[in-house]
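As they're listed, the protein sequences go chains A and B. At position 53 of the first sequence the residue is numbered 247 (the numbering used here), and the sequence of numbers has no breaks. At position 94 of the second sequence the residue is numbered 96 (the numbering used here), and the sequence of numbers has no breaks. All C-beta atoms in this analysis are idealised placements derived from N, C-alpha and C, irrespective of residue type, glycine included.
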Amino acid sequence: KAGVTQTPRYLIKTRGQQVTLSCSPISGHRSVSWYQQTPGQGLQFLFEYFSETQRNKGNFPGRFSGRQFSNSRSEMNVSTLELGDSALYLCASSFPRMRGNTGELFFGEGSRLTVL
Amino acid sequence: QQQVKQSPQSLIVQKGGISIINCAYENTAFDYFPWYQQFPGKGPALLIAIRPDVSEKKEGRFTISFNKSAKQFSLHIMDSQPGDSATYFCAASEDKIIFGKGTRLHILP
Numbered sequence: 195k196a197g198v199t200q201t202p203r204y205l206i207k208t209r210g211q212q213v214t215l216s217c218s219p220i221s222g223h224r225s226v227s228w229y230q231q232t233p234g235q236g237l238q239f240l241f242e243y244f245s246e247t248q249r250n251k252g253n254f255p256g257r258f259s260g261r262q263f264s265n266s267r268s269e270m271n272v273s274t275l276e277l278g279d280s281a282l283y284l285c286a287s288s289f290p291r292m293r294g295n296t297g298e299l300f301f302g303e304g305s306r307l308t309v310l
Numbered sequence: 003q004q005q006v007k008q009s010p011q012s013l014i015v016q017k018g019g020i021s022i023i024n025c026a027y028e029n030t031a032f033d034y035f036p037w038y039q040q041f042p043g044k045g046p047a048l049l050i051a052i053r054p055d056v057s058e059k060k061e062g063r064f065t066i067s068f069n070k071s072a073k074q075f076s077l078h079i080m081d082s083q084p085g086d087s088a089t090y091f092c093a094a095s096e097d098k099i100i101f102g103k104g105t106r107l108h109i110l111p
């Protein structure tokens, strides 16, 4: 069974540019969550999508957005990049967290974004 | 607002020793507490998890101790091995999963 696939794995952008990251979940998983990982802040929740709808959202500015397609693949976009956006962006797929289901997250290896 | 506080930030333990990582939470609505393990260059992976109606859960060398009244839980790694060297994240969930800031564990050979 293929794992979560994230593309691209590495990318370098300059301030003010925008970036789009892609995530293909494990087959059968309809929930996709995005996290930002930085050395100082650990794993910070960005948003979760289920059946093409945003189900939860973290405390990030509106420059961070996402979407999910009918095949459960997801993309996240960051506009007007800032130096502080340099981070590892992790995507995780799961069955949705609801009563009786823990919603165990299966992570990809991440997209490492460097903003110069 | 940090909902899950994790300590220590880094930890060095001799091979064969006990590694202990502590976490505290604020939201009493959390009903699921997983620990994730992350190796360099990889995404985190679920290690062990507990629900608040249980005070302890053990899987091999890994044990979670849970104190509901104190709103604290901890991970104990018995007989720590160099292969356990990784970053460990505690987490808590009501609907979305919220992570602590992580503990970088290094086991000395």
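Item to complete: Classify Pro219/A as buried or exposed, calling it buried when 16 or more other Cβ atoms lie within 10 Å of its own Cβ.
Response: buried
**Q.** Inter-residue Cα distance where the pair is Ala26/B and Ala94/B
**A.** 10 Å
List the residues of chain B that Arg291/A touches, going by C-beta distances under 9 Å, in chain order. Tyr34, Ser95, Glu96, Asp97, Lys98 and Ile99
Exercise. What is the residue span of the beta strand (DSSP E) that Pro36/B lies within?
Worked result: Phe35 to Gln40
| How should Glu242/A be labelled, buried or exposed, when 16 other C-beta atoms within 10 angstroms of its C-beta is the threshold for buried? | buried
Alpha carbons only, please: which of Asp97/B, Lys103/B and Asp86/B is nearest the one belonging to Val15/B?
Asp86/B
Helix, strand or coil at Leu299/A [DSSP, three-state]: coil
What's the C-alpha gap between Ser305/A and Gly234/A? 18 Å
Checking contacts by CB at 8 Å: is Phe244/A closer than that to chain B?
no
| task | Tell me, please, whether the CB atom of Thr247/A is closer than 8 Å to any CB atom in chain B? | result | Chain B contact via Cβ: absent.
Check: Got a sec? Which residues, its chain only, sit under 6 Å from Gln74/B by beta carbon, not counting five neighbours each side?
Finding: Excluding positions up to five away in sequence, the list reads Ala26.
Interface residues of chain B around Thr296/A at Cβ under 7 Å?
-> Tyr34 and Ala51
Helix, strand or coil at Leu205/A according to DSSP, with G and I counted as helix: strand
Span of the beta strand (DSSP E) around Leu240/A
For Leu240/A, the uninterrupted beta strand (DSSP E) segment begins and ends at Gly236 to Phe244.
- prompt: Between the C-alpha atoms of Val6/B and Val56/B, what's the straight-line distance to the nearest angstrom?
  reply: Their Cα atoms are separated by approximately 19 Å.
Compute the Euclidean distance between the alpha carbons of Ser268/A and Leu275/A, then round it to the nearest angstrom. 20 Å
- prompt: Can you tell me the Cα-Cα spacing of Arg258/A and Gly19/B, whole angstroms?
  reply: According to the sequence as given, residue 258/A is Phe; it is not Arg. Approximately 43 Å, taken between the alpha carbons.
- request: Using a Cβ cut-off of 8 Å (strictly closer), state whether Gln235/A contacts chain B.
  value: yes
Self-check item: Residues bridged to Arg306/A (per DSSP)
Solution: Tyr204/A and Leu282/A
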